[in-house]
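Notes follow once the structure below has been shown.
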Amino acid sequence: MNNELLPNYEQAQSLMQGTLTNRIVMNDAVFPHWISDSDFWYKRETSHGMEFRLVDANTGINILAFDHKLLANVLSKEIGKDIDYQDLPIRHVRYNQIPIICSI
620 MNNELLPNYE
630 QAQSLMQGTL
640 TNRIVMNDAV
650 FPHWISDSDF
660 WYKRETSHGM
670 EFRLVDANTG
680 INILAFDHKL
690 LANVLSKEIG
700 KDIDYQDLPI
710 RHVRYNQIPI
720 ICSI
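Under my numbering, the sequence shown has 692 at position 73, and the numbering climbs by one with no breaks.
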């Protein structure tokens, strides 16, 4: 192989394997969890952690689904362990009308 092309192939391989993906592109796909015909929530990766967003597809409104800091504070007090609001240990979400109910 031509030694001049080797760095290009190595870079392409790194990108294809996802080694650099999180540093180059975040949230390249949204996985909606539909609540109604026009409303959904999704989990979004940030440079500091994860957040949960609520979207009204009709109006384009996209907001935090709940107060992440408040939930982290309440959980921290309940379990006696610090919870990072940017990395909530949420594994399952069930939406019930207004509030989003989360289980950890």
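All C-beta atoms, glycine included, are put in the ideal place defined by N, C-alpha and C.
Separation of residue j from residue i, as counted between CA atoms
| i | j | result |
| --- | --- | --- |
| D703 | E697 | 14 Å |
| I709 | L625 | 43 Å |
| K700 | H711 | 20 Å |
| Y661 | A631 | 30 Å |
| E664 | Q705 | 9 Å |
| D656 | V674 | 11 Å |
| A684 | Y628 | 42 Å |
| I654 | L690 | 21 Å |
| K688 | T678 | 26 Å |
| A648 | D686 | 23 Å |
| H652 | S666 | 22 Å |
For residue i: DSSP bridge partner residues
| i | result |
| --- | --- |
| N681 | V674 |
| F659 | W653 and V674 |
| E664 | M669 |
Beta-carbon separation (whole angstroms), residue i vs residue j, contact threshold 8 Å
| i | j | result |
| --- | --- | --- |
| M669 | L694 | With a Cβ gap of about 15 Å, M669 and L694 do not count as contacting. |
| F659 | A676 | 7 Å |
| T672 | I682 | For clarity, residue 672 is Arg in the given sequence; the question names Thr instead. Correct: roughly 7 Å between the Cβ atoms. |
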